[in-house]
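See structure below.
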Amino acid sequence: MSQIRTCVVGVGFIGAAHIEALRRLGYVDVTALCDSRNSAALAQQLHVPKAYASYEEMLDQERPDAVHICTPNVTHFPIAKYALEHGIHVLCEKPLSYTQEEADELVRLAEASGLVHGVNLHCRFYPMVREMKELIQRGDLGRIFSVHGGYFQDWLLLDTDYSWRLERACTGSTRAVADIGSHWIDAVEFVTGQRITRVLADFATFHQTRKRPVQQVASFENKRVQAGQYEEFPVDTEDYAQVLFQMSSGAKGSMIVSQAYAGRKNQMILSVAGSQRALHWDSESLNELWMGERTAYNHTIVKDPALLCSGSAALCRYPGGHVEGFPDAFVQSFGAFYRAIQTGEAGAFATFQDGRREMEVCEAIARSAQEQRWLEVVPDRR
Ligand SMILES: NC(=O)c1ccc[n+]([C@@H]2O[C@H](COP(=O)([O-])OP(=O)(O)OC[C@H]3O[C@@H](n4cnc5c(N)ncnc54)[C@H](O)[C@@H]3O)[C@@H](O)[C@H]2O)c1
-8 MSQIRTCVVG
2 VGFIGAAHIE
12 ALRRLGYVDV
22 TALCDSRNSA
32 ALAQQLHVPK
42 AYASYEEMLD
52 QERPDAVHIC
62 TPNVTHFPIA
72 KYALEHGIHV
82 LCEKPLSYTQ
92 EEADELVRLA
102 EASGLVHGVN
112 LHCRFYPMVR
122 EMKELIQRGD
132 LGRIFSVHGG
142 YFQDWLLLDT
152 DYSWRLERAC
162 TGSTRAVADI
172 GSHWIDAVEF
182 VTGQRITRVL
192 ADFATFHQTR
202 KRPVQQVASF
212 ENKRVQAGQY
222 EEFPVDTEDY
232 AQVLFQMSSG
242 AKGSMIVSQA
252 YAGRKNQMIL
262 SVAGSQRALH
272 WDSESLNELW
282 MGERTAYNHT
292 IVKDPALLCS
302 GSAALCRYPG
312 GHVEGFPDAF
322 VQSFGAFYRA
332 IQTGEAGAFA
342 TFQDGRREME
352 VCEAIARSAQ
362 EQRWLEVVPD
372 RR
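Be aware that the sequence shown starts at -8, since it is given in my numbering, and climbs by one per residue.
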């Protein structure tokens, strides 16, 4: 199998995770990275051969097969467009772009290019999330009545907590919804095979004013900023969103996302209740899946490739009893993307069409929160 040459743009929190996961694939060489600050030091630290401060220069010089885009949301569009126009396969972090128009344009360019395009909506690649999908597909839950859950974090709880995500100019029309709701929305449509058709949303911004560190900080590094190194700024994005929705089959749903929930570091909850059974998955114990019964004991399905459905078993790299988590889902997500490059196999990774879809739901949520009424989501264009 020939080695694939890849470059990574943006090496803060998630760019470093991409590089680690790519190396675990074994057949992808990360030939260079690009970051607008400290790129040489980052390359040295991560043992990447070359460093660039400009993505155009890196892509022109390196001519890689693929590029991973791991920069703040507002920059995704120009980088993805440049790469597609230069014949480079693109794996972009979520959300696909800053605006819906940009997402439309990227889907158009990607479809015309014939290149492989992916969005790192990696929750699809947790074995127990895939098990939910397979059990639902097999009909084990019966008719789906309702879907619930959300995504909770505490890293933006204090008014001194800072990320570029707090600022609309970097993040887009929503913050908590685009940042963590995006994972939940994609997972719920992926798992149920149904579409979110109508939404009613309500947002809260608990800190109307926050303190921005004078120096740039990478995501999740905010807790290390010292007192006195801040400047105040008004916050124009939501800390919290509550959303009621309806699905294409008539199922009802609710989602809450919060980045100001003390003690919850990175918890995603996905519950699906059907006419026969219910399933409940919690990312804080992500190797387990609760199954609720009416006429038998409830039980917990534990990750074990020897026992899971075939698709979810294929996502396990280790036997039962050996915990797999966040970095492993990245390996699986990227593995599917690179198989598509090598073999043309479609795979279950999220494409630019999926990224656009997830943004359409987020846009409807943002407008609903603004107008305080139920709104239709545009029909699925995938
Ligand atoms: N899939 C996931 O679970 C997940 C998790 C975290 C972040 N993300 C996504 O990844 C992206 C990055 O988030 P992060 O948390 O790593 O942010 P971060 O702030 O930690 O890192 C971003 C990096 O990009 C660099 N950068 C900014 N503009 C650039 C440009 N024009 N060219 C080159 N480098 C540039 C910054 O210097 C920084 O090092 C976001 O879109 C975010 O939504 C996804």
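Beta carbons are placed, not taken as given, at the ideal position from N, Cα and C, and that holds for glycine.
Note on geometry: alpha-carbon atoms of CYS300 and LEU126 lie some 8 angstroms from one another. Contact check for LEU112 against ASP177 passes: the beta carbons are separated by less than 8 angstroms. Sorting GLN144, GLN237, THR90, ALA7 by C-alpha distance to the C-alpha of GLY346 places THR90 at the top.
Less than 8 angstroms divides the Cβ of ALA23 from the Cβ of CYS(-2). In this structure, the alpha-carbon of TRP175 lies about 16 angstroms from that of LYS256.
Distance from the Cα of GLY316 is smallest, within the candidate group ARG348, SER359, TYR117, for TYR117. Per DSSP, PRO204 is one residue of the beta strand (DSSP E) stretching across 200 to 204.
The alpha helix (DSSP H) runs of length 4 or more contained entirely in the stretch 20 to 96 are, from start to end of the chain, 30 to 37, 46 to 53, 67 to 76. Secondary structure within the stretch 235 to 267: the beta strand (DSSP E) runs of 3 or more consecutive residues, fully enclosed, are 243 to 249, 258 to 265 (chain order).
Not one heavy atom of ligand 1 sits closer than 7 angstroms to the Cβ of LYS256. Counted as a single uninterrupted DSSP element, the beta strand (DSSP E) harbouring SER137 occupies residues 135 to 143. Rounded to the nearest angstrom, the Cβ distance from CYS114 to VAL120 is 6 angstroms, consistent with a contact under 8 angstroms. Distances taken from the Cβ of CYS25 to the heavy atoms of ligand 1 include one shorter than 7 angstroms.
If you look at THR(-3), you'll find it in the beta strand (DSSP E) that goes -5 to 0.
In this structure, the C-beta of SER274 stays at least 7 angstroms away from each heavy atom of ligand 1. Nearest neighbour of VAL19 by Cα position, chosen from VAL138, PRO55, ARG134, LEU50, turns out to be PRO55. With fewer than 16 other Cβ atoms from the protein chains shown falling within 10 Å of its own Cβ, THR286 counts as exposed. Around GLN(-6), the same chain offers TYR18, VAL19, ASP20 as residues with beta carbons nearer than 8 angstroms, after the five sequence neighbours per side are excluded. Per DSSP, PRO318 lies in no beta strand (DSSP E) segment; the continuous alpha helix (DSSP H) that holds it begins and ends at 317 to 334. With a threshold of 16 other beta carbon atoms within 10 Å, ARG203 meets it and is buried. Within the chosen limit of 7 angstroms, ligand 1 does not reach the beta carbon of TRP146 with any heavy atom. Beyond the five residues adjoining it in sequence on each side, ALA195 comes within less than 7 angstroms, by CB distance, of GLU229, ASP230, TYR231 in the same chain, given in chain order. In summary, ASN289 is exposed, with fewer than 16 beta-carbon neighbours lying within 10 Å of its beta-carbon over all protein chains present. Between PHE325 and ALA12 the beta-carbon gap is near 5 angstroms, inside 8 angstroms, which marks them as a contact.
PRO63 is the residue among VAL58, PRO63, LEU366 whose C-alpha sits nearest the C-alpha of GLN207.
Between the stretch 179 to 189 and the stretch 155 to 167, the count of Cβ pairs shorter than 8 angstroms is below three; the stretches do not touch.
With a cut-off of 7 angstroms, the C-beta of THR66 is classified as near ligand 1, since at least one heavy atom of the ligand falls inside that distance. With contacts defined by Cβ atoms closer than 8 angstroms, GLN233 and ASP193 form a contacting pair.
Collapsing the DSSP output to three states places PHE343 in a helix. For the pair PHE321 and GLY109, the CB atoms are not nearer than the 8 angstroms cut-off. As DSSP reads the structure, GLY283 sits in a beta bridge with ALA269. Straight across, the Cα-Cα distance linking VAL369 with ARG99 is about 18 angstroms. Set against 7 angstroms, the gap from the CB of SER164 to the closest heavy atom of ligand 1 is not smaller.
Between the beta-carbon of LEU157 and that of VAL226 there is about 6 angstroms, and that keeps the pair under the 8 angstroms contact cut. Scanning THR291, SER173, TYR252 for the CA closest to the CA of LEU277 turns up THR291.
Nearest to GLU84 by C-alpha distance, out of PHE197, GLY78, ILE70, LEU147, is ILE70.
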